[in-house]
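Trainee:
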Amino acid sequence: MTAVAPPTRPWPESPVVETATVELSEPCGAYRRLLLLAPETCRRSRAGQFVALSVGDDLVRPLRRFFTLVDVERSDGCVELLIAATSPATAWLGARRPGDVLDVFGPLGRPFPDPPPGARVLVVGGGHGGAGVYRAAREAAAHGHEVHVVLGAADASRLFDPARFRNFASSLTVTTDDGSAGRRGSVLEAAGELLESGISPVYACGPVPMLAAVSHACAEAGATCWVACEVTMACAYGVCMACVLPMTVADGRSEMRRACVDGPVLRADRVRWADVGTVPADCVGA
Amino acid sequence: MTTGSEPDAARATPRRSRTLLGPVELNNPVVAASGCAAYGRELAEFVDLADLGAIITKSIMKRPRAGRPTPRIVETPAGMINAIGLQGCGIDEFLAEHLPWLHRTGACVGVSVAGETPDEFAELAARIAESGMAAFLELNISCPNVASRDQVFACDPAAAADVVARVRAAVGLAIPVFAKLSPDVTSIVDIARACVDAGADGLSLINTLLAAAIDPRTLRPVLPGLTGGLSGPAIHPVAVRAIWQVHAAMPHVPLLGGGGVTDGATALALLAAGASAVSVGTANFRDPRACLRIAGEIHAWMESRGIEDVKTLVGAAHRGGDLEP
């Protein structure tokens, strides 16, 4: 297994709360792409981190909603987010227009670690999870790594912008469940072919069943796998204990670890995928 | 909302804000509520813990505890329901690692303890008192996220009094003891009186309300265990009512008021209802600097009215809005 050092605590930089201005809101397949002017969040952020947005009146909706930082434009202080409008709160965000202001808390969580020198990198994105690995992929390529990309979704509209990956990827494979774009099937077959070539590390983001399957395939192939998890959160900075996942820690013990501060980027082989959503009997507190 | 480290009004001119929660001296009347500030380390990235009125730890139990299955939270209209289930490290690790660190920050530290039996409460309380590193104890006898309603001691006057009496016997007068009560009872005044008669120095009102949510898409409960504790703006009027009732019945008993405090106005309402200080919970999730912001808003409001001492506001609503002379 390729040795990849985990990012060390404390985080590269503390998150801040800032008032951001919407610079752009446009459709992106089934989603909406938002560009926010949020210079401090932008400056401090790294690939794989996320932000927490207030959604309208905080008396009505007291909790923030959480979005991966798709990418940043350091020169102009903008951060890019992808909104899947699946609830009234996210629909409200999707309806924001240039000039509107949003309350942003970020950047949050641990970033993806840099690939080891000379490593070939495999990036796997499922649905809007493609947005969660975009920056890691782009930066790895910019640092001279060979980056292979596999994007999958239920249909073409739910892929995250394959064209943008094409700019830097050594290979790009698209899969859809219904065959409306790329190969019909799941990301697993395409990822499996690349894993056979000995590629490592692997960066993945998508729904839990996909992450579990990718994690399993990487373990079989001996590849190091980092996953960016999307789980239900309340505070996103470690105080509430809502977003826990069962994980193996030192000396074979298991703990319920917080996805917000121990993640969202986690070593895939430490997550007890079959037990996600449960509290296994051998899990101690954390 | 603030992003940097500019001085807070409450810090710049502390005298007006300094107050007493019974025997406990506070820098200002705004306290980080138990369960919404973990053991302080994460919050310390955003605020100097010594600037808070106090910080109350997540409830400490005898053994490490993994908590309830996920998802553990759901937002509801003007609130949220949590089913965290007291996940925590247990008292051994807490005393070895977290409490000494918290103590060194200079913060006023309240330690919340939760036992499964009255004896466990007494044992936990004695160990915290013995450490000498906590300013007060909060007995969590009202957490809705426990295995059975029998463990919600605050539902029954005799059970609540039993816990308080055993704790009092175990700690003597070494540390002030506050009992945290549930509003999910027929008469909160009866429970409050039982706790005070059993030796509580004060009361913490209110814990979350037992609640449930159903997902309209699946027609199934959102939380795997169905129920959890409701918090946030939705419960603020319940807190006002509970604090009013208990203060009216026992005006000399110090109350820590909590429930939907999001700003200076909601904090002032709880003070006027009879709370000596207020605790802020759910609002911390949205804004890690919520406690300092709210303390600043109270301070600014007092300054604008020429009110010199926050203690004069306590129970003002019972006096037709008049300040304590």
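Protein sequences, first through last, are from chains A and B.
Heads up: the first sequence runs through residues 1 to 286, numbered per my numbering.
Heads up: the second sequence runs through residues 1001 to 1325, numbered per my numbering.
We put the CB at the ideal spot given by N, CA and C, even for glycine.
If you measure from the beta carbon of A/T21 to each beta carbon in chain B, is any gap under 9 Å?
Mentor: For A/T21, the answer is no, since every Cβ of chain B falls outside 9 Å of its Cβ.
Trainee: Which class does A/H148 belong to by DSSP, given the choice of helix, strand or coil?
Mentor: If DSSP states are grouped into helix, strand and coil, A/H148 belongs with the strands.
Trainee: Leaving out five residues on either side along the sequence, give the residues of the same chain with a beta carbon under 6 Å from the beta carbon of A/P88.
Mentor: For A/P88, where only same-chain residues beyond five positions count, there are no Cβ hits under 6 Å.
Trainee: Starting from B/L1173, follow the alpha helix (DSSP H) in both directions and report where the run begins and ends.
Mentor: First-last for B/L1173: undefined, no H or E at that position.
Trainee: If you check the beta carbons only, do A/C283 and A/M241 fall under 9 Å apart?
Mentor: Contact flag unset, no.
Trainee: Which same chain residues end up closer than 7 Å to A/P98 when comparing Cβ atoms and leaving out the 5 residues on each side of it in sequence?
Mentor: Result list for A/P98: V22, E23, L24, S25, in chain order.
Trainee: Smallest Cα separation from A/G125: which of A/V51, A/L211, A/P115, A/V249?
Mentor: Checked all of A/V51, A/L211, A/P115, A/V249; the closest Cα to A/G125 is A/L211.
Trainee: Pick out the complete beta strand (DSSP E) segments inside the region 1027-1065 of chain B, 3 residues or longer, and give them in chain order.
Mentor: As far as the region 1027-1065 of chain B is concerned, its whole beta strand (DSSP E) runs of at least 3 residues are 1030-1032, 1054-1056.
Trainee: Counting Cβ pairs closer than 8 Å, one from the region 1212-1231 of chain B and one from the region 1152-1168 of chain B, do we hit at least three?
Mentor: The region 1212-1231 of chain B is not in contact with the region 1152-1168 of chain B.
Trainee: Identify each residue in the region 225-252 of chain A for which the Cβ-Cβ distance to at least one residue of chain B is less than 9 Å, and report them in chain order.
Mentor: Against chain B - using a Cβ distance shorter than 9 Å - the residues of the region 225-252 of chain A are V231, T232, M233, A234, C235, A236, Y237, G238, V239, C240, M241, A242, C243, V244, L245, P246.
Trainee: Could you tell me the alpha carbon to alpha carbon distance between B/V1253 and B/V1146, rounded to whole angstroms?
Mentor: Looking at the two C-alpha atoms, the distance is approximately 28 Å.
Trainee: Whose C-alpha, out of A/L63, A/Q49, A/P113, is nearest the C-alpha of A/P107?
Mentor: Taking only the C-alpha atoms, the option nearest A/P107 is A/Q49.
Trainee: Alpha carbon to alpha carbon, how far is A/D57 from A/S215? Give it in angstroms, no decimals.
Mentor: One C-alpha to the other measures close to 39 Å.
Trainee: Let me know the beta strand (DSSP E) ranges lying completely inside the region 1243-1267 of chain B, each 3 residues or longer, listed in chain order.
Mentor: The region 1243-1267 of chain B contains these whole beta strand (DSSP E) runs: 1255-1258.
Trainee: Where B/A1009 and A/V244 are concerned, what is the direct C-alpha to C-alpha distance, given to the nearest angstrom?
Mentor: With a pLDDT of only 46 at B/A1009, under the threshold of 50, the placement of this residue in the model should not be trusted; the figure read from the coordinates follows. B/A1009 and A/V244: Cα-Cα distance of roughly 36 Å.
Trainee: Go to B/N1188, then tell me how far its alpha helix (DSSP H) extends in each direction, as first and last residue.
Mentor: What sits at residue 1188 of chain B in the sequence shown is Ile, not Asn. 1188-1197 is the extent of the alpha helix (DSSP H) around B/I1188.
Trainee: Within the 9 Å Cβ cut-off, does A/S14 reach chain B?
Mentor: Cβ-Cβ to chain B under 9 Å: yes for A/S14.
Trainee: Grouping DSSP H, G and I as helix and E and B as strand, with all else coil, what is B/F1285?
Mentor: B/F1285 falls in the helix class under three-state DSSP.
Trainee: Measuring straight from C-alpha to C-alpha, what distance separates B/V1024 and B/L1124?
Mentor: When rounded, the distance between both Cα atoms is 20 Å.
Trainee: Taking A/G126 as the query, report the chain B residues whose CB atoms sit under 8 Å from its CB, ordered along the chain.
Mentor: Ordered by position in chain B, no residue passes the 8 Å Cβ test against A/G126, which lies about 20 Å from the chain.
Trainee: Mind pulling the chain B residues with CB within less than 8 Å of A/R120?
Mentor: In chain order: nothing, as chain B lies at least about 35 Å away.
Trainee: Taking B/G1199 and B/P1176 to be in contact with their CB atoms under 8 Å, please state how far apart those CB atoms are, rounded to whole angstroms.
Mentor: Actually they do not touch by this definition, with Cβ atoms about 11 Å apart.
Trainee: Name the chain B residues that come within less than 8 Å of A/S54, Cβ to Cβ?
Mentor: Under the 8 Å cutoff, chain B gives R1286.
Trainee: Evaluate the contact criterion for the region 1263-1277 of chain B versus the region 1296-1311 of chain B: three or more CB pairs, one atom per stretch, below 8 Å.
Mentor: Yes, they touch.
Trainee: Check each candidate in A/Y31, A/P27, A/V227, A/R44 and name the one with the smallest Cα separation from A/V17.
Mentor: Cα-wise, what sits closest to A/V17 is A/R44.
Trainee: Looking only at its chain, what residues have a beta carbon closer than 7 Å to the beta carbon of B/P1233, apart from the 5 residues adjacent to it on each side?
Mentor: Only A1078, G1079, G1260, T1262 meet the Cβ criterion.
Trainee: Per DSSP, what kind of secondary structure is A/C240 in: helix, strand or coil?
Mentor: DSSP places A/C240 in coil when its eight states are reduced to three.
Trainee: Would you call the region 1025-1033 of chain B in contact with the region 1179-1189 of chain B, where contact means no fewer than 3 C-beta pairs closer than 8 Å?
Mentor: The region 1025-1033 of chain B vs the region 1179-1189 of chain B: no contact.
Trainee: Does the beta-carbon of B/L1173 have 16 or more other beta-carbons within 10 angstroms, so that it is buried, or is it exposed?
Mentor: Label assigned to B/L1173: exposed.
Trainee: So which residues of chain A does B/R1068 contact, with C-beta pairs closer than 9 Å?
Mentor: Simply V279.
Trainee: Taking Cβ-Cβ distances below 9 Å as the criterion, which residues of the region 1042-1055 of chain B are in contact with chain A?
Mentor: The region 1042-1055 of chain B vs chain A, Cβ under 9 Å: E1042, L1043, E1045, F1046.
Trainee: Do B/C1036 and B/G1281 have their C-beta atoms closer together than 9 Å?
Mentor: Yes. Within cutoff.
Trainee: With 9 Å as the threshold, decide whether the Cβ of B/I1084 is near any Cβ in chain A.
Mentor: With 9 Å as the cut-off, B/I1084 counts as an interface residue toward chain A.
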